[in-house]
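The numbering used here numbers the first residue of the sequence shown as 718 and each following residue consecutively.
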Amino acid sequence: MINAFGYAVQRLIADHSIVDIVQMIEDLASSSGSSEMEDFFLISRWGGVCVNAEKERPTIVASVPAQKSAAERLVSVIRNGALE
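Next comes the structure, spelled out in structure tokens:
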């Protein structure tokens, strides 16, 4: 998820200043409860994005395409200001 977050910030920088990105993330964090944030990052919620959930024990897919896919989801959440 660290790589995905880096890719997400890289995407956001194309349209927003760093100050704006930090503010969007702060707004998202302040409008979300801690359990909501924890639930958002559960491995089971990332199946088909950056997690292979077809196995008995889901595993993280660390390939560049998978991390970029996760980044797209993070960009959407940060821009919308709400955890989906």
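In this text, a Cβ means the ideal position worked out from N, Cα and C, and glycines have one as well.
query	result
C-beta atoms of A721 and A788 nearer than 8 Å	yes
Cβ separation of L791 and M754, assumed to be a contact under 8 Å, to the nearest whole Å	The pair is not a contact, with the Cβ atoms about 12 Å apart (cut-off 8 Å).
Beta-carbon proximity list for K785, same chain, < 8 Å, skipping 5 on both sides	A721 and Y724
Reduced DSSP category for G798 - H, G, I as helix; E, B as strand; rest coil	coil
Chain-order list of residues whose beta-carbon lies under 6 Å from that of M741 (same chain, five-residue window excluded)	I795
Opening and closing residue of the alpha helix (DSSP H) in which A757 lies	Checking the displayed sequence, the identity of residue 757 turns out to be Phe instead of Ala. Where F757 is concerned, the enclosing alpha helix (DSSP H) stretches over S751 to F757.
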